[in-house]
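Trainee: Sequential numbering of the sequence shown, starting at 1, is according to full-length UniProt numbering.
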Amino acid sequence: MLSMPISTQDLGDPSSWRPDVPASQIFEEKTWLQGSFLSAIAYGVVVTLFFLNFSLLLERLKKDPSSWRTSSHRRQNLALITYVGIMFVLSTLTVASQAEMTQLGFIVNRNFPGGPAAFQNVMFSIPVSRIGNVCFSLMNWLADCVLLWRCVVIYRTSSISMTKVMAVPVVMLLASFVTGIIYPTQISRAGSSPWATEAFTLIYGLISLSLNILITVMIVVRLYLHRRRVVQAIGVRHASQYTSIIAMLIESAFVLDVVVIWFLIAFAIESPLANIALSTLVQVQTIASFMIIFRVATGTAWASSSVADRDMGTKEIANRIAEISAICFGRPGAETVTAVNSSRGSHSRAKTPDIELVPPLISQTILTQNDLKV
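1) When DSSP labels each residue in this structure, what does S16 get in the three-state scheme?
2) Taking only runs of the alpha helix (DSSP H) that begin and end inside the segment 131-188, which ones reach a length of at least 4 residues, in chain order?
3) Quick one: what's got a C-beta closer than 6 Å to F119's C-beta in the same chain, skipping five residues either side?
4) Just the C-alpha distance for L138 and I26, rounded to the nearest angstrom, thanks.
5) Does V260 come out as helix, strand or coil in the three-state DSSP assignment?
6) Using 8 Å as the Cβ pair cut-off and three pairs as the minimum, do the segment 73-91 and the segment 289-301 touch?
7) By how many angstroms is the C-alpha of V168 removed from the C-alpha of C145?
8) On the CB-based measure, 16 or more other CB atoms within 10 Å of its CB, does G191 come out buried or exposed?
9) Using the rule of at least 16 other Cβ atoms within 10 Å of the residue's Cβ for burial, across every protein chain shown, is Y43 buried or exposed?
10) Quick check: S39 and T280, are their CB atoms within less than 7 Å of each other?
11) Compute the Euclidean distance between the alpha carbons of S188 and R130, then round it to the nearest angstrom.
12) Near W32, which residues of its chain fall below 6 Å by C-beta distance, leaving aside the five closest residues on each side in sequence?
13) Is the segment 45-62 close to the segment 12-26, with three or more CB pairs under 8 Å?
14) My parser needs the alpha helix (DSSP H) runs of 4 or more residues fully inside the segment 49-114; what are they?
15) For W17 and G114, what's the separation of their Cα atoms in angstroms?
16) The alpha helix (DSSP H) spanning L278 covers which residue range?
17) For A143, I'd like the list of residues in its chain whose CB is within less than 6 Å of its CB, leaving aside the five on either flank, ordered along the chain.
18) I'd like to know whether the C-beta atoms of I154 and I219 end up nearer to each other than 7 Å.
19) So, with DSSP's three-state summary, where would you put V21?
20) With a threshold of 16 other CB atoms inside 10 Å of the CB of S15, please say whether the residue is buried or exposed.
21) Cβ of L278 within 7 Å of Cβ of F294?
22) With H, G and I counted as helix, E and B as strand and the rest as coil, what does DSSP make of L367?
23) According to DSSP, simplified to helix, strand and coil, what is I207?
24) Between the alpha carbons of L173 and D13, how many angstroms are there, rounded?
25) So what does DSSP say about L36, is it helix, strand or coil?
26) Excluding the 5 residues flanking Q98 on each side, which residues of the same chain have their C-beta closer than 7 Å to its C-beta?
27) Could you check whether the segment 208-227 touches the segment 254-270, counting it as contact only if at least three pairs of C-beta atoms, one from each stretch, sit closer than 8 Å?
28) Among the residues of its own chain, which have a CB less than 7 Å from the CB of V134, if the five just before and after it don't count?
29) Taking the straight line between their C-alpha atoms, what separation do you get for T94 and Q283?
30) Should M162 be labelled buried (16 or more other beta-carbon atoms within 10 Å of its own) or exposed?
31) Measure the beta-carbon distance from T216 to F254 and round it to whole angstroms, keeping in mind my assumption that it falls under 8 Å.
32) Tell me the DSSP secondary structure of G313 in three-state form.
33) Could you work out which residue in M101, N140, W141, F136 is closest to M123 when comparing CA atoms only?
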C-alpha cells in the first residue's frame, strides 16, 4: 500500500529532518551506503567481463578438436571456464548479501541502537552476512592462485631455479589459506566483526597484501627487464603490446593492491573510509582476475614460450641490424648493397649476399600474435 501524500505545509522546518545524531555517525552511515553502491557498480563490470571471458574461452574450446586428455591448451581452457564460473557465482552471492544487509540496516532495522552503521558493524553473525564472509575468503584464495599461476608462467624460462623463485610466494599463499579459514569463523560469531577482532583482521590483511605486493613486484620486474631488452633490439613498437605499463599492471593485478592498501590504512587509523574499501574488495578481486584471464583468452597474455622465443629472437635481430648497418654505411672493403625489386625482376649487383632484416622463421616465432597465445 502506498503512503498517503503529505502537504508541504506539514513538512515543518527542514533543519528538523536531520536525525539528532553526531556528524561522525552520519558520515559512517554514508560510507556503508556508498560502499554498497560502488560494489553494485563494480559488479556490473564483473558481469561484462564474465560473459566476454566465457564466450572467448568457449570459442577457443570449439577451435581445439583434440581431447582434453592429450591437449594441454584444452585442459587450460576448461579450467579457466570453471574458474570464471565459480568466481562469478561467488561474486553474485556477495553482492546479493551486501544488498540484503543494506536493506536490513537502513530500512528494516532503521531504529537499531547506534543506527544503520552500528547494525552493519556488529551483525556479521547473521546468516545473510555469513554468506558474504565465506565468499570473501574463497575469492581471496582464488584471486591469489591466479596471480601465482601468472607468476609461474612468466618465470618458467628464467635462469633462476623455480624452487627458489616461488618458495616465498607459496609459503605466503599457504599462510593466507590458514588465516582465510580462521577469519570468517571469528567474525561470524555472535557480536563479532572485523573491528572486534582487529588484531587478527590486520594480520590476515597484511599477509594477503604482502603476497599480492610480492607477486606484483616479481611480475613487473620480469616484464620490465624483458621490455628493455626488446626495445633495445627492435624498438618500442614491437615491445608495446606485451610489455606496456598497462599490460604490466593488469598482469600483476595492481588495482587489487591499491584497494587492499586503502582498506588496511583506513582500518588501522579507525577511519570509516575502510567501509568503502571493504564493501568493494570482493568485486575488485574478481575484476583483477577476470582482466588477467581476458588477456589469456585473447592471446595477449604472456606465455613462457613467448618469453623464450623473444629472448632468443631479439639477439639474432640485433645482430642482423648491426650487420646491415655496417654494410650500408661503409664498412671497409664492402660495396653498397642495392635494393632488390622482386616485382620487376631486377637484381642487385652487390658482391655481398642479400641479408634479410627479419628471417621468416624469426618473424613467425616472434612477431605474430598466434605464437603468444597461452
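Even for Gly, the Cβ is constructed at its ideal location relative to N, Cα and C.
Mentor: Short version:
1) Sequence index remark: in the sequence shown, residue 16 carries index 16 (1-based). In this structure, S16 counts as helix in the three-state DSSP scheme.
2) Counting only runs of 4 or more residues that sit fully inside the segment 131-188, the alpha helix (DSSP H) segments are 162-187, in chain order.
3) Taking the first residue of the sequence shown as 1, we reach residue 119 at position 119. For F119, the CB contacts under 6 Å within the same chain, skipping 5 residues up- and downstream, are G105, N109, F112 in chain order.
4) As a first step, residue 138 must be located in the sequence shown, where it is residue number 138. As a first step, residue 26 must be located in the sequence shown, where it is residue number 26. Linking L138 to I26 through their CA atoms gives a straight-line distance of about 32 Å.
5) Residue 260 sits at position 260 when you count from the first residue of the sequence shown. Reduced to three states, the DSSP call for V260 is helix.
6) By the criterion of at least three beta-carbon pairs nearer than 8 Å, the segment 73-91 is in contact with the segment 289-301.
7) Mapped onto the sequence shown, residue 145 falls at position 145. Mapped onto the sequence shown, residue 168 falls at position 168. When only Cα atoms are considered, C145 and V168 end up about 14 Å apart.
8) Taking the sequence shown and counting its residues from 1, one reaches residue 191 at position 191. Flag for G191 reads exposed.
9) Here residue 43 is taken as the residue at index 43 of the sequence shown, counted from 1. With 16 or more other Cβ atoms within 10 Å, it is buried.
10) Translated into the one-based positions of the sequence shown, residue 39 becomes position 39. Translated into the one-based positions of the sequence shown, residue 280 becomes position 280. In contact: S39 and T280 (Cβ atoms closer than 7 Å).
11) Taking the first residue of the sequence shown as position 1, residue 188 is located at position 188. Taking the first residue of the sequence shown as position 1, residue 130 is located at position 130. R130 has its alpha-carbon roughly 6 Å from the corresponding atom of S188.
12) By one-based count along the sequence shown, residue 32 stands at place 32. Result list for W32: A117, Q120, N275, in chain order.
13) Using a C-beta cut-off of 8 Å, the segment 45-62 makes no contact with the segment 12-26, since fewer than three inter-stretch Cβ pairs fall below that distance.
14) Counting only runs of at least 4 residues, the segment 49-114 fully encloses the following alpha helix (DSSP H) elements, listed from N- to C-terminal order: 72-103.
15) For the purposes of this step, residue 17 is identified with residue 17 of the sequence shown, where counting begins at 1. For the purposes of this step, residue 114 is identified with residue 114 of the sequence shown, where counting begins at 1. Approximately 18 Å, taken between the alpha carbons.
16) On the sequence shown, residue 278 is found 278 positions in, with the first residue counted as 1. 274-297 is the extent of the alpha helix (DSSP H) around L278.
17) Here residue 143 is taken as the residue at index 143 of the sequence shown, counted from 1. The beta carbon of A143 sits closer than 6 Å to those of Q285, S289, all from its chain and outside the five residues before and after it, given in chain order.
18) Along the sequence shown, one-based indexing puts residue 154 at 154. Along the sequence shown, one-based indexing puts residue 219 at 219. Yes.
19) The residue you call residue 21 lines up with position 21 of the sequence shown. For V21, the three-state secondary structure derived from DSSP is coil.
20) As a working mapping, residue 15 is identified with position 15 in the sequence shown. It counts as exposed.
21) The residue given as residue 278 occupies position 278 in the sequence shown. The residue given as residue 294 occupies position 294 in the sequence shown. At the C-beta level, L278 and F294 stay beyond 7 Å of one another.
22) What you label residue 367 is simply residue 367 of the sequence shown in a count that begins at 1. Low local confidence applies: a pLDDT of 36 at L367 is under 50, so the model's placement there is unreliable, with the coordinate-based value given in what follows. In the structure shown, L367 sits in coil (DSSP, three-state: anything other than H, G, I, E or B).
23) Looking up residue 207 in the sequence shown gives position 207. DSSP places I207 in the helix class (H, G or I) of the three-state scheme.
24) As a working mapping, residue 173 is identified with position 173 in the sequence shown. As a working mapping, residue 13 is identified with position 13 in the sequence shown. Those two C-alpha atoms are separated by around 57 Å.
25) Numbered from its first residue, the sequence shown carries residue 36 at position 36. Correcting the residue type first, residue 36 is Ser in the shown sequence and not Leu. Here S36 sits in helix by DSSP.
26) Sequence index remark: in the sequence shown, residue 98 carries index 98 (1-based). If we look at Q98 and ignore the five residues flanking it on each side, its Cβ neighbours are S36, S39, G132, S279.
27) With the cut-off at 8 Å, the segment 208-227 and the segment 254-270 touch.
28) Working through the sequence shown from its first residue, we reach residue 134 at position 134. Cβ-Cβ distances below 7 Å link V134 to P184 in the same chain, with the five nearest sequence neighbours on each side left out; the list follows chain order.
29) Residue 94 sits at position 94 when you count from the first residue of the sequence shown. Residue 283 sits at position 283 when you count from the first residue of the sequence shown. Per the coordinates, the alpha-carbon of T94 lies some 8 Å from the alpha-carbon of Q283.
30) In the sequence shown, counting from the first residue as 1, residue 162 sits at position 162. It is exposed - the Cβ of M162 has fewer than 16 other Cβ atoms within 10 Å.
31) On the sequence shown, position 216 is the one that residue 216 refers to. On the sequence shown, position 254 is the one that residue 254 refers to. With a beta-carbon spacing of about 6 Å, T216 and F254 fall inside the 8 Å limit used to define contacts.
32) Reading the sequence shown from its first residue, position 313 is the one you call residue 313. With a pLDDT of 47 at G313, under the threshold of 50, the modelled position of that residue is not reliable, and no figure is offered here.
33) By one-based count along the sequence shown, residue 123 stands at place 123. Among M101, N140, W141, F136, the Cα nearest to that of M123 belongs to M101.
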